[in-house]
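J.: For the sequence shown, our numbering begins at 46 and goes up steadily by one. Yeah, the Cβ is synthetic: ideal placement off N, Cα and C, and Gly gets one too.
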Amino acid sequence: MAAELALGGLGYVGVAAPDPEAWREFARDVCGLALAPTPAACEGALFFRMDDQAWRLAVHPGEAAGLRYLGFEALDPAALAGAMSEWAKRGVAVREGTREECAARCVEMLAVLRDPAGHRIEIFSGPARGETFRSEHGSRFVTGELGMGHVVLYVPDLEPALDFYRDVLGFRRSDYLNFGPDTGIHFLRCTPRHHTVALLRLGDFSGLQHLMFETKSLDDVGRALDRAQADQRTITSSLGRHRNDGVVSFYMEGPSGFDVEIGWDGCLVGEDWVDRELTGGDVWGHQGLGAAIQREED
């Protein structure tokens, strides 16, 4: 049984890049995020905001590009402490974040775990707030109780990953799609957002397939697409509407080996939602999405 821990969605994402500066223009001038102050313990990294939280996306210098950590917000610090105790009793490897780690993340409390695919997972409470968010391009993002968006993770084995996110962290499955023997994608939620994490198995590898930012209007998506095309960014999937969560979006190649999706109009899921097996493609558009999903990380 999962720990009784209410999660407030995806709180932050940390990635690595050989050249973090490549993200400055991409995140700010294409995606519409804003630069945030870099914590003292993270020299050389770039931090970005998309709402009034101190930061949402961190880009750290590193030889290998890709995901470094995912942070999920625990809404109750006392429940987080209790969950850590329960996880330890169940044999889940978990530790409390150090004072330095908490300072680097701008949070009051932190628990550190690894999922079965090796992704570093951080459960935090007490995030710091920043100034009122303003995008230079007028972009507005859906965050708050839903978190900052969603991620799709490559996993080498679906069952252990599903067990971890559902039975340890308390996620619930919204939909799933089977591609063939031992391959498929499962969409998991921890807030009313249709999915915060999706687990994708195509082969024996792990990593971040894409990161999604949800905007508050279709015009925000269209303007981001205009900026991406003007900046000659590689559009990996054309504008389209997803069948599962209803999002209208496009995908583009980011500077760290994974795609970034900019979308709008995601559906909200209630307690009466029924887990579904999906069939067929999207409602319309998203040309190139299949090829983008199957692009294995180096």
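1. Rounded to whole angstroms, what's the CA-CA distance from residue 138 to residue 150? Just pull it up for me.
2. Whole angstroms is fine: what's the gap from residue 222's alpha carbon to residue 85's?
3. In the DSSP assignment, find the unbroken alpha helix (DSSP H) run with residue 130 in it and report its ends.
4. State buried or exposed for residue 108, treating a residue as buried only when at least 16 other CB atoms are found within 10 Å of its CB.
5. Using only CA atoms, which one of 203, 191, 147 lies nearest to residue 160?
6. When the Cα atoms are used, what is the spatial distance from residue 336 to residue 216?
7. Buried or exposed: where does residue 101 fall if 16 or more other Cβ atoms within 10 Å of its Cβ makes it buried?
8. Mapping the DSSP letters down to three states, classify residue 344 as helix, strand or coil.
9. When you compare only the Cα positions, how much space is there between residue 69 and residue 302?
10. Using the C-alpha atoms, what's the distance from residue 214 back to residue 375?
11. Whole angstroms is fine: what's the gap from residue 91's alpha carbon to residue 166's?
12. Tell me whether residue 278 sits in a helix, a strand or coil according to DSSP, three-state version.
13. At which residues does the beta strand (DSSP E) containing residue 74 begin and terminate?
14. Between the beta-carbon of residue 235 and the beta-carbon of residue 54, is there less than 8 Å?
15. What are the residues that DSSP puts in a beta bridge with residue 256?
16. Let me confirm a value: residue 135 is counted as buried when at least 16 other C-beta atoms fall within 10 Å, else exposed. Which label applies?
17. What are the partner residues of residue 143, as DSSP defines its beta bridges?
18. Determine the extent of the alpha helix (DSSP H) in which residue 336 is found, giving its start and end residues.
19. Nearest chain E C-beta to residue 174 closer than 8 Å, yes or no?
20. Okay, do the region 222-232 and the region 270-284 touch, 3+ Cβ pairs below 8 Å being the bar?
21. Where does residue 282 land, buried or exposed, given buried means 16+ other C-beta within 10 angstroms?
22. Using the Cα positions of residue 300 and residue 154, report the straight-line distance between them to the nearest angstrom.
23. Would you kindly report the start and end of the unbroken alpha helix (DSSP H) that includes residue 207?
24. Hey, quick one: how far does the beta strand (DSSP E) through residue 165 stretch, first residue to last?
25. Could you check which residue in 114, 288, 188 has the C-alpha nearest to that of residue 252?
26. Am I right that residue 79 and residue 178 are in contact with their C-beta atoms under 8 Å? What's the rounded C-beta distance?
27. If you reduce the DSSP assignment to three classes, tell me which class residue 272 lands in.
28. What are the boundary residues of the beta strand (DSSP E) that includes residue 154?
29. My guess is that residue 173 and residue 243 are in contact by the Cβ rule of under 8 Å, so how many angstroms apart are they, rounded?
30. Keeping to the same chain, check which residues put their C-beta closer than 8 Å to that of residue 120; ignore five residues upstream and five downstream.
T.: If we stick to the structure as given:
1. Straight-line Cα distance between these residues: approximately 21 Å.
2. Straight-line spacing of the CA atoms in residue 222 and residue 85 works out to 43 Å.
3. Note, residue 130: alpha helix (DSSP H), 122-134.
4. A residue is called buried when at least 16 other Cβ atoms come within 10 angstroms of its Cβ; residue 108 does not meet this threshold and is exposed.
5. Closest by alpha carbon: 203.
6. C-alpha separation (whole angstroms): 28 Å.
7. Buried, since its Cβ has 16 or more Cβ neighbours within 10 Å.
8. With the chain covering 46 to 343 only, the question about residue 344 has no answer from this structure.
9. Straight-line Cα distance between these residues: approximately 16 Å.
10. Residue 375 is absent from the model: the chain starts at 46 and stops at 343.
11. Taking the straight line joining both Cα atoms gives about 20 Å.
12. Coil at residue 278, not helix or strand.
13. Boundaries for residue 74: no beta strand (DSSP E) harbours it, and the DSSP string shows neither H nor E there.
14. Going by C-beta atoms, residue 235 is nearer than 8 Å to residue 54.
15. According to DSSP, which records beta bridges pairwise, residue 256 is partnered with 196, 305.
16. Exposed.
17. According to the DSSP secondary-structure assignment, residue 143 is paired through a beta bridge with no residue.
18. In the DSSP assignment, residue 336 falls within the alpha helix (DSSP H) that extends over 334-338.
19. In summary, chain E is missing from the structure at hand, where a single protein chain is found.
20. Taking one beta carbon from each stretch, the region 222-232 and the region 270-284 have fewer than 3 pairs nearer than 8 Å; the two do not touch.
21. Buried, since its Cβ has 16 or more Cβ neighbours within 10 Å.
22. Rounded to the nearest angstrom, the two C-alpha atoms are 30 Å apart.
23. Looking at the DSSP string, the run of the alpha helix (DSSP H) that includes residue 207 is 203-208.
24. Counting along the chain, residue 165 sits inside the beta strand (DSSP E) bounded by residues 165-170.
25. Checking every option, the nearest Cα to that of residue 252 belongs to 114.
26. Yes, residue 79 and residue 178 are in contact; Cβ-Cβ is about 6 Å, under 8 Å.
27. Helix.
28. 154-159 is the extent of the beta strand (DSSP E) around residue 154.
29. The beta-carbon separation of residue 173 and residue 243, rounded to 28 Å, does not stay under the 8 Å limit for a contact.
30. Sequence-distant Cβ neighbours of residue 120 in its own chain, meaning closer than 8 Å and more than five residues away, are 51, 52, 53, 170.
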